[in-house]
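Accompanying notes for the structure given below.
Number of protein chains: 2
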Amino acid sequence: MPTNIDDQTPTSGGWGAHVCLTPALLPLYNVADYIVVVIDIFRATSSICYGIENGAEAIIPVSEVEECSAYREKGLDYLLAAERDGKVVDGFDFGNSPFSYTAEKVAGKTIVLTTTNGTHALHLSRSAKKIVIGSFLNITALSTWLKKQQENILLVCSGWKNNFNLEDTLFAGAVIEQLKTPGFDPDDAAIAANDLFQLGKGDINGYLQKTSHSERLKKLGIEKDIAFCLQTDITTAIPVLQGERLVKLV
Amino acid sequence: MPTNIDDQTPTSGGWGAHVCLTPALLPLYNVADYIVVVIDIFRATSSICYGIENGAEAIIPVSEVEECSAYREKGLDYLLAAERDGKVVDGFDFGNSPFSYTAEKVAGKTIVLTTTNGTHALHLSRSAKKIVIGSFLNITALSTWLKKQQENILLVCSGWKNNFNLEDTLFAGAVIEQLKTPGFDPDDAAIAANDLFQLGKGDINGYLQKTSHSERLKKLGIEKDIAFCLQTDITTAIPVLQGERLVKLV
Chain V
3 MPTNIDDQTP TSGGWGAHVC LTPALLPLYN VADYIVVVID IFRATSSICY GIENGAEAII
63 PVSEVEECSA YREKGLDYLL AAERDGKVVD GFDFGNSPFS YTAEKVAGKT IVLTTTNGTH
123 ALHLSRSAKK IVIGSFLNIT ALSTWLKKQQ ENILLVCSGW KNNFNLEDTL FAGAVIEQLK
183 TPGFDPDDAA IAANDLFQLG KGDINGYLQK TSHSERLKKL GIEKDIAFCL QTDITTAIPV
243 LQGERLVKLV
Chain C
3 MPTNIDDQTP TSGGWGAHVC LTPALLPLYN VADYIVVVID IFRATSSICY GIENGAEAII
63 PVSEVEECSA YREKGLDYLL AAERDGKVVD GFDFGNSPFS YTAEKVAGKT IVLTTTNGTH
123 ALHLSRSAKK IVIGSFLNIT ALSTWLKKQQ ENILLVCSGW KNNFNLEDTL FAGAVIEQLK
183 TPGFDPDDAA IAANDLFQLG KGDINGYLQK TSHSERLKKL GIEKDIAFCL QTDITTAIPV
243 LQGERLVKLV
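Residue numbers (this note's numbering), protein chains in the order written: chain V, 3 to 252; chain C, 3 to 252.
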């Protein structure tokens, strides 16, 4: 299927996947034409996948710490998760660490979550046909589902403060790897992401060691979180946005 | 040298190179802190390098076709080059093909040039410490000069209508390859660009065949131009912006 050369959206009649390398590039896409996969590997979307897998009733992503606080004032029995610059904000129950999203902590609970990058990407994607959440934890379940949809797919890398980052891009490339079939139509960013995944796939943690983001995360003392988030296929739940809530796709 | 984690600009005391993957990401950078290299491999910056090498007195990049036309009305003996969507605009002397920039055509002449992507990137970079023009044609002369500056360097990929493209990214990665020294500080985009260059360097034209851009360019019948633009080190001139004119750096 040929790509429309003046527009990012693949022409009708087939399907393709595009990679949006940072949320700052989202205005280039007609988001309403796509199923969007939001990606924030370290650590928001990994933790969301793990939390939904572990029985969280819903995760409500919000943009601002203040919105998160507002839920406390409503007197609801919600868990409040807020992170800025990779750290838990004072006064909140927890942040983005996947170890906070175990079954004993989250089963049956609703969590209100604000993070630096992931919720930003998610909110900018609101006009999509559907928004689902991806991470290495649920990659094969997600990719299998995506293949069945036969819709155009936009993999949105949350990046770091609108900048490109390698970990989200490598994950996008890993999804492309599973989607590739005859007639499948990737854009240049999808080709690049997939090629970078080919380079890194033997040892993704090792590959990412050379990034500045890795240095930043090390300073935050979250090496264990990183190793956790790079595990493949330990979950099968696909979080999907329904209204303002991320819930398990059924 | 550590990178300032909240800001793209490397901290003082050393030097680094960052890759801006499309002009749409330029607002993320404090452009005034950098020497900017503008990259539009197919074909604006390749043709500019070739034209300046071949004795063009100056090349004046302008954003709009109308600005280009305005120079004709001034009655000056300028060559007017205008391209949109990869084609010469009706009524202009030529467009972006490097074969229009031979010595016999351009020596001693001033050329007014407007293109789809390259001049867009150039105009958005105007606040830089200095703006120079890069292509495979002058890559080693350019990289050698960049290394001597010991300034932070921003490699700006012009892309295609603000979208990421592989050819400009591969060139950025090729420059990174020449700049790499102990203490050199690339960002994630520079690491990715360099890794993609490593994948493609054995046969860059072959590597780029898989891109949709390559399909578009083939439709325009400019395979010869593409092969020309991928030649390495056939020129040594470095075009630099002085006021509104690109001239030979001396």
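Just so you know, even glycine gets a beta-carbon here, dropped at the ideal spot from N, CA and C.
Predicted model only: the values in this text are computed from it and were never measured.
Within 9 Å of the CB of V/K182, no CB atom of chain C is found; the nearest one sits about 12 Å away. From the beta-carbon of C/L27, the residues of chain V found nearer than 8 Å are T24, A26, L27, N164, N165 and F166. With respect to the C-alpha of C/A195, the residue from V/E69, V/E85, V/T171 and V/P188 having the closest C-alpha is V/T171.
Within the region 184-199 of chain C, the residues whose Cβ lies closer than 7 Å to any Cβ of chain V are, in chain order, D189, D190, A191, I193, A194, D197 and L198. Annotated as distal: V/L251 and V/I61, with beta-carbon spacing of 9 Å or more.
Burial check for V/R45: the Cβ neighbour count within 10 Å reaches 16 or more, so the residue is buried. Collapsing the DSSP output to three states places V/K149 in a helix. Looking at the DSSP output, V/C159 sits in a beta bridge with V/I41. Scanning chain V for C-beta atoms nearer than 9 Å to the C-beta of C/T47 yields nothing, as the closest lies near 18 Å away. Within the same chain, Cβ atoms closer than 6 Å to the Cβ of V/P63 are found at L115, T121 and L124, the five residues on either side in sequence being excluded. Sixteen is the threshold: when 16 or more other Cβ atoms of the shown chains lie within 10 Å of the Cβ of V/D197, as they do, the residue is buried.
The beta carbon of C/K107 does not come within 9 Å of any beta carbon belonging to chain V, so the residue lies off that interface.
In this chain, C/E59 is not harboured by any beta strand (DSSP E), its DSSP state being neither H nor E. Contact annotation for C/L30 against chain V: A26, K163, N164 and N165 [CB-CB distance below 8 Å, chain order]. Under the DSSP definition of a beta bridge, V/I135 partners with V/V40. One finds nothing in chain C with a Cβ atom closer than 8 Å to the Cβ of V/T234; even the nearest lies about 21 Å away. At a C-beta separation below 8 Å, V/K212 has these neighbours in chain C: I193.
Leaving aside the five residues that flank V/Y209 on each side, the residues in its chain whose CB is nearer than 6 Å to its CB run, in chain order, G202.
Residue C/I155 holds the alpha-carbon nearest to the alpha-carbon of C/G175 among C/P184, C/I155 and C/Q244. Shortest Cα-Cα distance from C/G53 to any of C/Q244, C/G245 and C/T237 involves C/T237. Partner residues in the beta bridge of V/Q244, as assigned by DSSP, are V/R247. Counting along the chain, the unbroken alpha helix (DSSP H) around V/A195 starts and ends at D190 to G202.
Distance between V/K111 and V/Y80, taken at the CA atoms: about 7 Å. Taking 9 Å as the threshold, the shortest C-beta distance from V/L201 to chain C falls below it. When beta bridges are read from the DSSP output, C/R86 appears opposite C/K89.
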